[in-house]
Structures are given as structure tokens and as C-alpha cells.
Amino acid sequence: MENIIKLLQERLQLYQIAEKKAKQENELSRARRFNRGIKTLKELLNNVQVGKPINESDIPPQLPSHAIDETNANILETNKTESTEENIATSMADTILSEKIDIVEKPTSTKNIDEKALKLLKDRQQEYKIAAIAWKRAGNMKEALQLLNIAKHFDIVISAVNEGETVDLSDMPLSPNIPDSTTIISSNEKSEKTENERQGKSSTDITSAEVKSSSPENLEAALIERLEACKKMKATAETEGNSHKARRYGRICKQFEDAIKLYVRGKPIPLDELPTLPGFEPLTIATQSVLDPEIEKNNKPSEPKLPTSSESESFENKISSDPKTPISPSRVQIGKKQVQKTSHAEKQLALLQQRQHELKQAALNAKKDGDIELARTYLRQAKGIDPLIEASKGGLPVDMNSIPLSPQAKKELNADSIIGLLNDSFTIINTEDCLEETTGTDEQIYENLESQLTKQIKVN
Numbered sequence: 001m002e003n004i005i006k007l008l009q010e011r012l013q014l015y016q017i018a019e020k021k022a023k024q025e026n027e028l029s030r031a032r033r034f035n036r037g038i039k040t041l042k043e044l045l046n047n048v049q050v051g052k053p054i055n056e057s058d059i060p061p062q063l064p065s066h067a068i069d070e071t072n073a074n075i076l077e078t079n080k081t082e083s084t085e086e087n088i089a090t091s092m093a094d095t096i097l098s099e100k101i102d103i104v105e106k107p108t109s110t111k112n113i114d115e116k117a118l119k120l121l122k123d124r125q126q127e128y129k130i131a132a133i134a135w136k137r138a139g140n141m142k143e144a145l146q147l148l149n150i151a152k153h154f155d156i157v158i159s160a161v162n163e164g165e166t167v168d169l170s171d172m173p174l175s176p177n178i179p180d181s182t183t184i185i186s187s188n189e190k191s192e193k194t195e196n197e198r199q200g201k202s203s204t205d206i207t208s209a210e211v212k213s214s215s216p217e218n219l220e221a222a223l224i225e226r227l228e229a230c231k232k233m234k235a236t237a238e239t240e241g242n243s244h245k246a247r248r249y250g251r252i253c254k255q256f257e258d259a260i261k262l263y264v265r266g267k268p269i270p271l272d273e274l275p276t277l278p279g280f281e282p283l284t285i286a287t288q289s290v291l292d293p294e295i296e297k298n299n300k301p302s303e304p305k306l307p308t309s310s311e312s313e314s315f316e317n318k319i320s321s322d323p324k325t326p327i328s329p330s331r332v333q334i335g336k337k338q339v340q341k342t343s344h345a346e347k348q349l350a351l352l353q354q355r356q357h358e359l360k361q362a363a364l365n366a367k368k369d370g371d372i373e374l375a376r377t378y379l380r381q382a383k384g385i386d387p388l389i390e391a392s393k394g395g396l397p398v399d400m401n402s403i404p405l406s407p408q409a410k411k412e413l414n415a416d417s418i419i420g421l422l423n424d425s426f427t428i429i430n431t432e433d434c435l436e437e438t439t440g441t442d443e444q445i446y447e448n449l450e451s452q453l454t455k456q457i458k459v460n
């Protein structure tokens, strides 16, 4: 029994040393295997000490010589003669401590560091680093990178000196050239100039965009002002109980609302058809051209040449001198329609340009609000319309459904859907609005209706 206990104790010590060595060498699988052997040895040792019988085949096998250090093997051989475990532990601790002391003392005794050379190398390395920063500030990145690479090479030489090697300092590079203060100032001035130019360009772009967006607002403001005044008149008529007057002002309000919708869509507004409210100046074509220059720009290619004042005077004289050839109103109306008529390609081009302008304006508004990502998306969408505009100019058809909607177009779409649901395009006319009485026989009523319809056709 004593022999088995001694064998188990020796085997346990070997496995513990092997586990420690495997952990030091980062061999985790071997360390786990040795740990399992330690557990089985401890279990067997406890069973033997209690007096239980054990199977010798369950004892973990003898470890090879490479699994443990030679020093540890020698320690075990010398400690085999000792009887107690305490002597073994103390002798092992003494040998480990003596080995550690020897390991610590050896490098200090062998290394001879040249302090002067080390200081000189570190100073020269610092000079190269400072010079690299100075050249970077001066704007010469190539020189700065070259100096930085030389400074990194000093690390290798400094580590060699720290290990006690002798280094020949005759090959050490000389002190680097540092840029003058004038070059640094000139580079700073250049950078400031470029920044100022960029800021100036951005400010001019913003101001031009603001001017473009603010100029059409005058016509819209005039229409909204007249609409508000008309609504007030309608409200006063309703309070007075004058239903006929209230209905008339309601129809006028509808006309101004339709005009505002046409303006928002970028279409021409028939200002001559709008009624002039009391206390307001009439909205003429001249005021529209002054208030809304953008609509004129979009409609310029589609407008034909208007006759000069001399041509119009001669034309009027011809009409007055030749009373036998009166011009029918239908021909005049057809002429007016031909002047206002534009081709499908030009309408398409105008719509594309309008949508691009709306997207750019939306990008500017998003940038002012601080939403940079939304501004970028609107700007990308506006840029994407450029090839479509080029294609439209070349006479190619463009799929209008592929054009991205601007916030303004989305609002119009929602408004149109609401108007369609309400069916607001129809006007309800009561019997009070009819001037002629509907009394009489059926034939008289039909004749009256026919005359009213012919009058409406002539007016339109």
C-alpha cells in the first residue's frame, strides 16, 4: 500500500508540473488533459488512504520527459530519497526561487546600454517628428510623410541599443530641414482664401435661390389677399341675410381658389377673367409678368411672336377702313387659343423643370431645418431629372410617372383627392339666380332653355 501511495504522489506531482508548463506555453488542450489526470490521481489517492482497493490500470500513465522540464525531473529524482511531502515542497520552492533570481540577474549583468547613444537617437527622432508636423502644416504632405518614415526607422535602432548591441552612429541621418514661417503663413492664407471662396459661393447660391423663390410669392400673396377679402364680404352678406350676394361672393371665392391652384402647379392664370374687388387694383397681364417672372420664363418657348405697335396700328386701320369684312368672333377666339396653345414636348419640359426647381427648393428648406439626409435625397432626385430634361429637349418621350414627387406636388395631390371627394368643381344654382321665369307651357320652357344654352355657348 505504501508503494502505491508513493507512486500516486510522485505521479500527481509530475502531472501538476506538466499542467503548469502547458499553461505557460498556451497549450490549453494538453493542460486540460493533465488536469483530468490530476483529478483521477487525487481520487485514487483518497481511496487508498481510506483503505479502499483500487485498480492499478486506472492510474494515469507515466509522462514523457519532454512534458516536464529537466530541472523539475532532477528535483524529483533528488527528492525521491526524502520521506515526507513537506521536504519535497520546500526544496521545489527553493529551486524555483533560485532559478527566478538567476533569470532576473543574468540580463542586468550582461546588458551594457550606451546611454549617450540612446539619448542622441531619441533626440534626433523627436527632431524628425517635429519637422514632419511643421511640413504638414505648411501643406507639403510628401515631405511630411518622408520625415515620418525616417522617424519610424529610429525605433529599430533604439530597440537594438536597449538590448545592449553596439550601434555605429556615423550613418545616422542629419537634422531635418524645417519650413520657414513665411511658407506656413502663405499656406494658411491659401487655405483661408479657399474657405472664403467656398463660403462666398454657397452664400450666393442660397441668396439667388431665395430671390428666385421670393419673387413669385408676390402674385400668390395678391391672390390670397383678394380671396380673404372676398371671404369677409361673403361672411358679411350671410350675416345680413342677403343669400343672393353671399352666393355671388362664394362663386368669386371659388375663382380665386382655382387661380391659386393653377399658380401652385406652375400653369398660366387667366387674370383677365378674375373679377376686380372693391378697394383692389385689377390684376392684369403686366402685373403678372412683373410679379411672376418664372412663369414667363417657362412659357417663353411656347409663345409666338407678338406684333409690334406699328403693325397693330396698321392692322387696326385696315379693319376700320374695310367695314365690309367683319371678323367673326369665332375666328378671334381660335386665334387666341392658338397663341396660348403649346406642344406636348414643351409642356413636358416645363413640367420637368418645375419639378426639378421644387425639389431643389425642398432640399434648401430641409438644409435650413437641419435635416441633412433629407436635403441630400431631394438633391439627388433633382439631379436625376437632368437626363430626363435632356431627353425631352431632344424630342424623346418621357415617362412622367417615373419622376419623383416633391413635397409641393404631394400637397397638391392630396388637395386634388379631397376636392374630388367633395366634388367641389360643380356650382349649385338656385331658382333665385335665374333671371327669366320658368312659368308657361312646355314649348315656352324648352324655347327659353334653348336660348339660354345658346347664350352660354356664345359666351364660352
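Start counting the sequence shown at 1; every next residue gets the next number (UniProt numbering).
No residue lacks a Cβ here, since even glycine has one placed at the ideal position from N, Cα and C.
Item, Value
"Taking all protein chains shown into account, decide if Ala221 is buried (16 or more other Cβ within 10 angstroms of its Cβ) or exposed.", "exposed"
"Count the other C-beta atoms from every protein chain shown that fall within 10 angstroms of the C-beta of Gly266, then say buried if there are 16 or more, exposed otherwise.", "buried"
"In the DSSP assignment, find the alpha helix (DSSP H) that holds Phe154 and state where it starts and stops.", "Met141 to Asn162"
"Starting from residue 464 and walking both ways along the alpha helix (DSSP H), at which residues does that stretch end?", "Residue 464 is absent from the structure shown; the chain starts at 1 and stops at 460."
"So, at 6 angstroms on beta carbons, what are the nonlocal neighbours of Pro275 in its own chain, with the 5 sequence-adjacent residues on each side left out?", "Ile252"
"Does DSSP put Gln288 in a helix, a strand or coil?", "Caution is warranted here: a pLDDT of 48 is assigned to Gln288, below 50, making its placement in the model unreliable, and no coordinate value can be reported."
"Compare the Cα-Cα distances from Lys254 to each of Thr40, Lys119, Pro268 and Lys234 and report the closest residue.", "Lys234"
"Glu127 lies in the alpha helix (DSSP H); which residues open and close that run?", "Glu115 to Ala138"
"Assuming contact is defined by CB atoms lying nearer than 9 angstroms, are Leu359 and Ser392 in contact in what I supplied?", "no"
"By the 10 Å Cβ neighbour count, where 16 or more other Cβ atoms means buried, how is His153 classified, buried or exposed?", "exposed"
"Among the candidates Gln452, Ser402 and Gln348, whose CA atom is the shortest distance from the CA of Leu396?", "Gln348"
"On the three-state DSSP scale, how would you describe Pro397?", "coil"
"What residue range is occupied by the uninterrupted alpha helix (DSSP H) comprising Arg30?", "Leu28 to Val50"
"Would you mind working out which of Glu225, Asn162 and Lys231 sits nearest Glu281, comparing C-alpha positions?", "Glu225"
"Does the beta carbon of Ala131 come closer than 9 angstroms to any beta carbon on chain C?", "Of the protein chains in the structure, only one exists, and it is not chain C."
"At what residues does the alpha helix (DSSP H) containing Gly279 begin and finish?", "Counting along the chain, Gly279 falls outside any alpha helix (DSSP H), and DSSP gives it neither H nor E."
"Rounding to the nearest angstrom, what Cα-Cα distance links Ser310 and Gln354 in this structure?", "Low confidence applies to Ser310: its pLDDT is 47, below 50, so where it sits in the model is not reliable enough to give any reading."
"Beta-carbon within less than 7 angstroms of Gln452's beta-carbon, same chain only, minus the 5 sequence neighbours each way: which residues are those?", "none"
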